[in-house]
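So the sequence shown is numbered by this note's numbering: it starts at 29 and just counts up by one.
Glycine included, every Cβ here is placed at the ideal spot set by N, Cα and C.
The structure displayed is predicted, hence computed values, not measured ones.
Structure, as structure tokens:
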Amino acid sequence: MAASVTFFAKSAPAADPAEVVVASYGGSFQDAQTKAFFNTYAKATGSKVTGTTGSGYAKVKAMVESGNVTWDVVSAESSAHANELKDDLLQPLDYSVIKADGIPAELRTKYGVGYIKFGMNLAWSKDKFPSGLTPAQFFDPAVKARRAVPLEPEYTLEFALLADGVKPADLYPLDVGRALKVYERIKDQIVAYKGAADTQALIQQGEVDLAYIPNGRVNDAIKAGAKWAYGWDASVSDTEWWVVMKGAPHAAEAMKFINFAVQPEQQAELTRQIPYGPTNVDALKLLDPAVAKNLPSYPDNAKLGAVLDSKWWNENRESVKTRWNTAIMQ
29 MAASVTFFAK SAPAADPAEV VVASYGGSFQ DAQTKAFFNT YAKATGSKVT GTTGSGYAKV
89 KAMVESGNVT WDVVSAESSA HANELKDDLL QPLDYSVIKA DGIPAELRTK YGVGYIKFGM
149 NLAWSKDKFP SGLTPAQFFD PAVKARRAVP LEPEYTLEFA LLADGVKPAD LYPLDVGRAL
209 KVYERIKDQI VAYKGAADTQ ALIQQGEVDL AYIPNGRVND AIKAGAKWAY GWDASVSDTE
269 WWVVMKGAPH AAEAMKFINF AVQPEQQAEL TRQIPYGPTN VDALKLLDPA VAKNLPSYPD
329 NAKLGAVLDS KWWNENRESV KTRWNTAIMQ
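Written out as structure tokens, the structure is:
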């Protein structure tokens with residue numbers, strides 16, 4: 029009997045490695061996340077990290093409401109995070125596991141931790157506009173160009189109002205009617221994109237002349253050889269959050285992954301891969317000062333734009349989206 033017990037003990041299969049599924053946006057941003065977070069976490073822990081794309085409020089809502097949750101950790105923009113929170117789609121973070129003291133308290137919440145700051149920026153083809161152009165010219169119908177803007181109204185309406193002369197301090201509540209009228213001037217010259225990775229592809233393939241796009245995406249397009257430039261006038265900055273879905277199949281591992289990803293070394297490495305600003309104050313100390321000039325938090329950049337008000341969008345998104353789709357996207 030003892031021999032048989034020993035035999036079966038030796039023959040038992042090894043435990044499956046821990047696993048975590050992380051949803052993001054694809055393209056150069058997810059490539060940077062893979063290098064800074066996914067691969068390094070897997071190497072450090074032996075856990076399996078599966079990166080997937082399609083991150084967004086609608087997908088998170090559909091998964092939770094159907095009971096078919098296949099994601100654990102989600103990278104969420106502020107407005108998506110606010111809507112996910114409102115609809116009770118997230119589970120609390122475990123701060124006994126997640127050590128995030130270097131991140132400001134307002135970005136360490138019960139249901140999410142802010143891990144980067146990014147800017148939405150006006151960018152242009154240097155072949156088409158060798159001298160650059162202003163936000164006001166983006167909305168001038170006399171300036172003929174193929175203009176890429178987000179399919180969703182967030183950031184997009186802010187851009188129109190800032191370009192039309194609204195001061196950042198006076199931006200909210202948004203004057204939606206005024207913003208739509210600004211877009212109506214160039215409606216026939218708009219190319220709407222669903223995700224930032226799509227716009228980067230449009231730039232690199234020469235399909236558009238102007239774009240309102242995250243600074244890191246256009247920066248990577250330039251690195252890849254696109255003859256483009258971008259500026260910080262009428263930019264809109266936002267925070268990206270790590271959240272854990274309600275019903276996540278690997279919730280415990282999700283908390284460990286987030287803890288790893290918010291540490292200074294990992295945040296600094298993400299910024300080296302793509303110029304989005306870390307939220308951990310200790311990460312800034314690890315970066316070359318020259319890198320800071322490409323970040324939305326750099327003072328000379330920040331003063332030229334606004335900060336997205338996710339609370340306003342949380343309260344107004346559905347009605348605004350209906351008006352946006354009817355007036356501009358049809």
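**Study point:** Rounded C-alpha distance that separates P163 from A207
**Key:** Taking the straight line joining both Cα atoms gives about 13 Å.
Point to revise | Residue range of the unbroken beta strand (DSSP E) whose run includes F146 | key: Where F146 is concerned, the enclosing beta strand (DSSP E) stretches over 140 to 153.
Exercise for review: Taking 8 Å as the cut-off, decide whether the C-beta atoms of Q228 and G55 are in contact.
Suggested key: yes
Check your understanding: Hey, would you say L336 sits closer than 8 Å to Y183, going by beta carbons?
Key -> yes
Check your understanding: Helix, strand or coil: which one does DSSP assign to T350?
Key -> helix
Review point. Once you ignore the five residues that flank Y304 on each side, which residues in its own chain have a CB closer than 6 Å to its CB?
Key: I144, F146, G244
Exercise for review: Could you name the residues of the same chain whose beta carbon sits closer than 7 Å to that of G82, not counting the 5 residues immediately before and after it, in chain order?
Suggested key: A51
Check your understanding: Who are the near neighbours of V219 in its chain, counting only those whose CB is closer than 6 Å to its CB and skipping five residues on each side?
Key -> R174, A176, V236
Review point. In this structure, does DSSP put D203 in helix, strand or coil?
Key: coil
Review point. Which class does T300 belong to by DSSP, given the choice of helix, strand or coil?
Key: For the record, residue 300 in the displayed sequence is Arg; it is not Thr. Here R300 sits in helix by DSSP.
Practice item. Could you check which residue in Q58, A276, T98 has the C-alpha nearest to that of G223? Key: Q58
Point to revise | CB-CB length for W341 against A110, believed under 8 Å | key: About 7 Å; that satisfies the 8 Å criterion.
Practice item. Use the C-beta contact count for S153: other C-beta atoms within 10 angstroms, 16 or more gives buried, fewer gives exposed. Key: buried
Review point. Can the beta-carbon of V97 be found closer than 8 Å to that of A276?
Key: Contact: yes.
**Study point:** Length of the line joining the Cα atoms of I126 and V290
**Key:** 8 Å
Point to revise | Helix, strand or coil at D129 [DSSP, three-state] | key: coil
Check your understanding: In whole angstroms, what separates the C-alpha of A60 from that of L199?
Key -> 32 Å
Review point. If we count the other Cβ atoms within 10 Å of its Cβ and call it buried at 16 or more, is P317 buried or exposed?
Key: exposed
Exercise for review: Would you kindly report the start and end of the unbroken beta strand (DSSP E) that includes Y240?
Suggested key: That run of the beta strand (DSSP E) goes 238 to 242.
Review point. So which of V171, P181, M91 has the shortest CA-CA distance to R213?
Key: V171
Practice item. Look at the alpha carbon of A239 and the alpha carbon of K156, and state the distance between them as a whole number of angstroms. Key: 13 Å
Review point. How is T68 classed by DSSP in three states: helix, strand or coil?
Key: helix
Check your understanding: If we count the other Cβ atoms within 10 Å of its Cβ and call it buried at 16 or more, is N67 buried or exposed?
Key -> exposed
Review point. When we look at the beta-carbon of P181 and count the other beta-carbons within 10 Å, is it buried (16 or more) or exposed?
Key: buried
Review point. Under the rule that 16 or more other beta-carbon atoms within 10 Å means buried, what is Q358, buried or exposed?
Key: exposed
Check your understanding: Is E186 near the ligand ADP, going by C-beta to nearest heavy atom under 7 Å?
Key -> This structure lacks the ligand ADP; in fact it carries no ligand of any kind.
Review point. What is the DSSP secondary structure of Y85, reduced to helix, strand or coil?
Key: In the structure shown, Y85 sits in a helix (DSSP, three-state: H, G or I).
Review point. Quick one: what's got a C-beta closer than 8 Å to L230's C-beta in the same chain, skipping five residues either side?
Key: A176, V219, Y221, V236, A239
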